[in-house]
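Those protein sequence lines, which keep their order, are chains A and B. Residue numbering for the first sequence follows our numbering, beginning at 14 and increasing consecutively. Residue numbering for the second sequence follows our numbering, beginning at 745 and increasing consecutively. Glycine included, each C-beta is placed from N, C-alpha and C at the ideal position.
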Amino acid sequence: MSGEGKYITAQKIEDYKRQKEHILEMGGAEAIEKRHKKGQLSARERIDYFFDPGTFTEIGLWVKHRTTAFGMDKREVPAEGIVTGFGKVNGRYVVAGAEDYTAMVGTFGEYHGKKLSYALDFAKNKGWPFVTMNDSAGARLHEGMDTLESYGWTFKSQIMASGIVPQISLLMGPCLGGQAYHPVMMDFVIQTRNTGFMGIAGPAFVKTQTGEEISLEELSGWKSHAIKSGQTHIVAEDDQDCLDKCKELLSFFPSSNNEKPPRIEAKDSPERESPELDTIIPDEPAKPYNMYDVVKSVVDEGHFLEIFKYYAANAICGFARMNGMPVGIVSNQPMAKAGALDIDACDKLARFIRFCDLFSIPLVSLTDCPGYLIGSQQEWAGILRHGAKLLYAWAGATVPLVSVIIRKSYAGAHYGMLDKSIGADFVFAWPTAQVTIVGAETAASVIFAREIKEAKNPKEVRARRIREFSEAYENPYRAAERGYIDAIITPRDTRKYISRALGVLEKKTVATPWKKFSNINL
Amino acid sequence: MEEIMESPLPGKIVSVNVAVGDVVEEGMVVCTIEAMKMENPILSLVNGSVKELTVTPGVNVKTGDRIAVIEY
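Put into structure tokens, the structure is as follows:
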């Protein structure tokens with residue numbers, strides 16, 4: 014009897030191994046080879062590359078769909094077209110879901126969605142970041158309402174996890190249809206240049222419904238989202254680059270909103286001077302310079318991971334470290350659209366600020382901004398309500414907030430780019446700063462309108478009044494006299510002042526009366 | 745192929761640095777728009793030649809107004 018029992022146990026284990034092996038083969042060697050030829054990895058290869066060796070634990074390998082309609086009863090979909098589980102990335106736990114295009118072209122069915130939303134809930138409950146590797150041909154239409162409902166489970170799960178754990182979508186393959194709300198609602202989307210596609214509808218659907226003829230690349234490729242729509246944060250060259258960039262992004266984040274961001278040992282002295290900054294501002298205030306040079310001079314070892322590099326280039330945001338501590342940098346680019354805050358720039362910066370605030374990442378603003386962009390085009394598109402998002406983001410932020418006014422800080426740009434009134438803990442300004450409510454020309458034409466009009470030599474009077482207003486107000490001293498600026502600093506000392514400010518703000522806490530939310534201008 | 749250059753912001757054209765037929769390189773300043781207290785250099789995004797030029801110094805442009813067409 015005992016011999017028979019042993020035989021059965023061994024057989025059970027053999028059967029288990031054989032079945033597991035079969036599922037792990039995904040869509041089969043041929044299908045995987047096809048992907049390799051396109052330069053793409055399989056879902057399991059992506060998982061292997063992403064996680065520290067030997068740390069990945071798979072959850073839900075055995076999950077199967079239960080649909081019988083339209084031949085689905087005979088259709089085998091290994092692991093339901095999505096590999097889910099947890100493991101370590103650079104020593105810290107991360108939960109991931111990798112869609113498998115070789116398994117029924119990664120279609121999103123009821124149990125595919127159930128696995129994804131379960132993994133999201135798991136990440137939220139554990140307090141670990143969540144990463145999706147999107148690669149799916151779309152909804153599994155055979156499953157009808159069950160598929161549609163499972164989209165909703167996924168959306169609800171990720172929304173409930175939003176603000177608790179960081180969420181990153183790696184758009185390494187297609188993600189089209191309603192499903193595309195999944196990546197777009199994550200905190201960050203990294204899209205691969207040649208294989209990542211995202212959209213509310215693919216070209217065929219667009220053509221039948223609207224008559225518009227457009228290619229998949231043009232409609233849904235990296236350019237459409239990284240440049241035009243502002244929905245892709247980072248562009249990657251290929252699968253490996255996408256996974257590498259995700260790991261780097263994660264290195265700036267705490268695992269959850271219950272933790273502080275991970276500090277690394279700094280090799281760059283927090284007191285380091287940047288003499289090159291003393292000569293960076295052109296003598297003519299209307300001339301641009303490259304703000305990236307300022308950002309790189311200030312942060313640890315010049316290392317800056319830019320977010321939304323190609324979208325709204327008049328604004329700059331991204332992650333860096335100061336004295337080893339992750340910080341979010343927010344700035345303007347005088348070389349693009351005067352560095353003004355237009356609608357796209359406001360949306361870009363507001364969402365970035367909100368993310369940093371959710372995950373305890375201090376924010377540093379480097380300002381050279383003439384104001385919100387004006388004119389009919391921006392007015393009618395709602396610059397006021399979009400600009401308001403930026404104010405909500407700053408005013409609601411409870412992380413350390415440090416502002417450095419490099420040059421222009423006029424009008425709305427003053428609080429839009431973080432001043433004391435909206436919540437800055439420290440405001441520093443360079444001697445080149447122009448901090449006032451309005452430019453001298455506009456001011457003179459309002460205050461001295463009658464005097465100029467009635468003067469014998471209006472041109473001369475106007476020029477004199479502009480000069481007078483400029484000398485009196487277009488500098489950092491009036492604001493510093495009132496304490497709106499804490500210190501006027503030489504440009505070379507910028508890093509030193511930011512480091513000291515962040516140092517004393519490390520334990521900053523803010524108490525606010527209970528409410529559900531602010532009614533941000535969504 | 746053609747690259748249609750449009751004004752990224754409303755303002756006044758203060759200088760035009762190219763003429764029709766000129767060869768331009770990526771990053772070269774095609775014209776400068778004065779707006780929002782700044783001189784905004786408008787750069788060619790491609791290597792090519794100027795096929796069409798629709799602005800002259802002194803004119804005002806709105807966002808999206810055509811500035812030039814670069815053939816490449």
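Residue i in three-state terms, based on DSSP
i                : result
Phe143 (chain A) : strand
Met117 (chain A) : helix
Val764 (chain B) : coil
Lys509 (chain A) : helix
Gly84 (chain A)  : helix
Gln390 (chain A) : helix
Lys469 (chain A) : coil
Leu290 (chain A) : helix
Asp257 (chain A) : helix
Lys33 (chain A)  : helix
Met14 (chain A)  : Low confidence applies to Met14 (chain A): its pLDDT is 49, below 50, so where it sits in the model is not reliable, and the reading given next is rough at best. Three-state result, Met14 (chain A): coil.
Glu314 (chain A) : helix
Met158 (chain A) : helix
Phe201 (chain A) : strand
Ser483 (chain A) : helix
Gly212 (chain A) : strand
Ala353 (chain A) : coil
Ser182 (chain A) : strand
Ile277 (chain A) : coil
Val517 (chain A) : helix
Arg478 (chain A) : helix
Ser378 (chain A) : strand
Arg463 (chain A) : helix
Ala442 (chain A) : strand
Ser94 (chain A)  : The question names Ser, but residue 94 (chain A) in the sequence shown is Gly. DSSP places Gly94 (chain A) in helix when its eight states are reduced to three.
Lys756 (chain B) : strand
Gln244 (chain A) : coil
Test: residue i CB closer than 8 Å to a CB of chain A
i                : result
Asp798 (chain B) : Reading the sequence as shown, one finds Thr at residue 798 (chain B) and not Asp. Taking Cβ atoms only, chain A never reaches closer than 8 Å to Thr798 (chain B), which makes this a no.
Asn804 (chain B) : no
Pro801 (chain B) : no
Within-8 Å CB hit, residue i to chain E
i                : result
Gln390 (chain A) : Absent here is chain E; the protein component of the structure consists of chains A and B.
Minimum Cβ-Cβ distance from residue i to chain B less than 8 Å
i                : result
Lys350 (chain A) : yes
Lys361 (chain A) : no
Leu386 (chain A) : yes
Pro489 (chain A) : no
Ala353 (chain A) : yes
Gly452 (chain A) : yes
Lys421 (chain A) : yes
Pro274 (chain A) : no
Pro216 (chain A) : no
Pro526 (chain A) : no
Pro504 (chain A) : no
Pro142 (chain A) : no
Pro9 (chain A)   : Absent from the structure is residue 9 (chain A), since the part of chain A shown begins at 14 and ends at 535.
Pro383 (chain A) : yes
Anticipated Cβ contact below 8 Å, residue i with residue j, distance rounded
i                : j                : result
Tyr405 (chain A) : Leu354 (chain A) : The pair is not a contact, with the Cβ atoms about 14 Å apart (cut-off 8 Å).
Arg59 (chain A)  : Ala92 (chain A)  : With a Cβ gap of about 14 Å, Arg59 (chain A) and Ala92 (chain A) do not count as contacting.
Pro267 (chain A) : Met304 (chain A) : Wrong, their Cβ atoms sit about 28 Å apart, outside the cutoff.
Ser344 (chain A) : Ser310 (chain A) : With 8 Å as the limit, Ser344 (chain A) and Ser310 (chain A) do not qualify as a contact, their Cβ atoms being about 12 Å apart.
Val108 (chain A) : Phe99 (chain A)  : 5 Å
Pro216 (chain A) : Pro274 (chain A) : Incorrect: roughly 41 Å between the Cβ atoms, too far for contact.
Ile593 (chain A) : Ser269 (chain A) : Outside the displayed range of chain A (14 to 535) lies residue 593 (chain A), so it cannot be described from this structure.
Glu250 (chain A) : Arg206 (chain A) : 6 Å
Asp200 (chain A) : Gln180 (chain A) : 5 Å
Ile757 (chain B) : Pro801 (chain B) : 6 Å
Met198 (chain A) : Ile172 (chain A) : 7 Å
Val760 (chain B) : Val799 (chain B) : 6 Å
Near the ligand GTP: residue i beta-carbon under 7 Å from a heavy atom
i                : result
Arg480 (chain A) : Among the components of this structure there are no ligands whatsoever, and the ligand GTP is therefore not found.
| message | Against chain B, which members of the segment 292-304 of chain A pass a CB distance test of less than 9 Å? | response | Of all residues in the segment 292-304 of chain A, Glu297, Pro298, Ala299, Lys300, Pro301 have a Cβ within less than 9 Å of some Cβ in chain B.
| task | Would you list, in chain order, the members of the segment 771-799 of chain B that have their beta-carbon closer than 8 Å to a beta-carbon of chain A? | result | Answer in chain order: Glu778, Ala779, Met780, Lys781, Met782, Glu783, Asn784, Pro785.
| request: For the segment 513-528 of chain A and the segment 447-457 of chain A, state whether three or more C-beta atom pairs, one from each stretch, are separated by less than 8 Å. | output: They do not touch, by the three-pair rule.
| query | So does the segment 434-450 of chain A actually touch the segment 408-425 of chain A, counting three or more Cβ pairs closer than 8 Å? | reply | Enough Cβ pairs lie closer than 8 Å, so yes.
| Taking one C-beta from the segment 309-316 of chain A and one from the segment 213-229 of chain A each time, how about it: are there three or more such pairs within less than 8 Å? | Segments in contact, no.
| query | Can you find at least 3 beta carbon pairs, one from the segment 159-170 of chain A and one from the segment 249-256 of chain A, that sit closer than 8 Å? | reply | When C-beta atoms of the segment 159-170 of chain A are compared with those of the segment 249-256 of chain A, fewer than three pairs fall below 8 Å, so the two segments do not count as touching.
| message | For the structure I just gave you, are there three or more beta carbon pairs, one from the segment 503-512 of chain A and one from the segment 773-783 of chain B, closer than 8 Å? | response | Output reads no: the segment 773-783 of chain B does not touch the segment 503-512 of chain A.
| Taking contact to mean at least 3 C-beta pairs separated by less than 8 Å, is the segment 147-165 of chain A in contact with the segment 76-94 of chain A? | Yes: the two stretches touch, three or more of their Cβ pairs being nearer than 8 Å.
| message | When you compare the segment 35-53 of chain A with the segment 113-127 of chain A, are there three or more beta-carbon pairs, one atom per stretch, that lie closer than 8 Å? | response | The segment 35-53 of chain A and the segment 113-127 of chain A touch, with no fewer than 3 CB-CB distances between them shorter than 8 Å.
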